[in-house]
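J.:
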Amino acid sequence: MWVIDRAAVVALGQRWLPKCPEPKCQHWVDAEVYLVVYQIITMLLAMGYLVDASLGAFVDYHPLTGAGVTVAHPLRLAGIVAEPGFVPDWFELGPTCRSGRPVAWIHRGSGDLLLRHQKRSVSYNKWCGGSVEKGLEFLCRQIDT
15 MWVIDRAAVV ALGQRWLPKC PEPKCQHWVD AEVYLVVYQI ITMLLAMGYL VDASLGAFVD
75 YHPLTGAGVT VAHPLRLAGI VAEPGFVPDW FELGPTCRSG RPVAWIHRGS GDLLLRHQKR
135 SVSYNKWCGG SVEKGLEFLC RQIDT
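Quick note: the sequence shown uses our numbering, first residue 15, plus one each step.
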């Protein structure tokens, strides 16, 4: 956890930002999402639920062969991503140990979650709410089913 916390500090300019007088300052919201999502992903990897996770996803696109014609990726089927290609704003969680395929995608800015078999994203507040434990439990249940 120290490594994750340290990475968040580095990402914020080598120090935690001073408390902003504005309510719901976006810097603090971004830092919270960043820390919580990274901690959840790290725990899923350490617990063996995920084989890999990446910052970004190839959506209906293969880096060697180019874009595919078929709209098959969950981010495109949900209407979140319009064109095939590399999407740097979504963490790809997977493949999992069980299925060998990604199980979900998390937007790195908002924390919204798209599960593989759903066409609508789940808001950060609903699936996680800023709690590592709640988010980890939610995703573990999704991977186990």
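Ideal Cβ positions, reconstructed from N, Cα and C, are used throughout, including at glycine.
Tell me, please, which residues DSSP counts as bridged to G99.
T.: Looking at the DSSP assignment, G99 forms a beta bridge with V73.
J.: If we count the other Cβ atoms within 10 Å of its Cβ and call it buried at 16 or more, is C165 buried or exposed?
T.: The chain is shown only over 15 to 159; residue 165 falls outside these bounds and no answer can be derived.
J.: Can you list, in chain order, the stretches of the alpha helix (DSSP H) that have 4 or more residues and sit fully within the segment 90-158?
T.: Runs of the alpha helix (DSSP H) inside the segment 90-158: 138-141, 146-158.
J.: Straight-line CA distance for K54 to H87?
T.: Lys is not the amino acid found at residue 54; the sequence shown has Ile there. Those two C-alpha atoms are separated by around 23 Å.
J.: With a CB to CB cut of under 7 Å and the five nearest residues on each side skipped, what residues in its chain are close to L59?
T.: Taken in chain order, the residues that qualify are A67.
J.: Going by beta-carbon coordinates alone, are I120 and L129 separated by less than 8 Å?
T.: For I120 and L129, no; Cβs fall outside 8 Å.
J.: Which of helix, strand or coil does DSSP assign to A86?
T.: Coil at A86, not helix or strand.
J.: By DSSP's criteria, L64 is part of a beta bridge. Which residues make up the other side?
T.: Answer is T110.
J.: Can you list, in chain order, the residues of its chain with a C-beta nearer than 8 Å to that of L107? Leave out the 5 residues immediately preceding and following it.
T.: Taken in chain order, the residues that qualify are I55, L58, L64, A67, P116, V117, A118, W119, I120, L153.
J.: Check this for me: beta carbons of V51 and G125, under 8 Å apart or not?
T.: Cβ atoms of V51 and G125: closer than 8 Å.
J.: Suppose the cutoff is 8 Å on Cβ atoms and the five residues either side in sequence are ignored; what does the same chain contact list for C9 look like?
T.: The question about residue 9 has no answer, for the chain in this structure spans 15 to 159.
J.: Which one of G99, L91, F105, S135 has the shortest CA to CA distance from Y48?
T.: For the residues G99, L91, F105, S135, the minimum Cα distance to Y48 belongs to F105.
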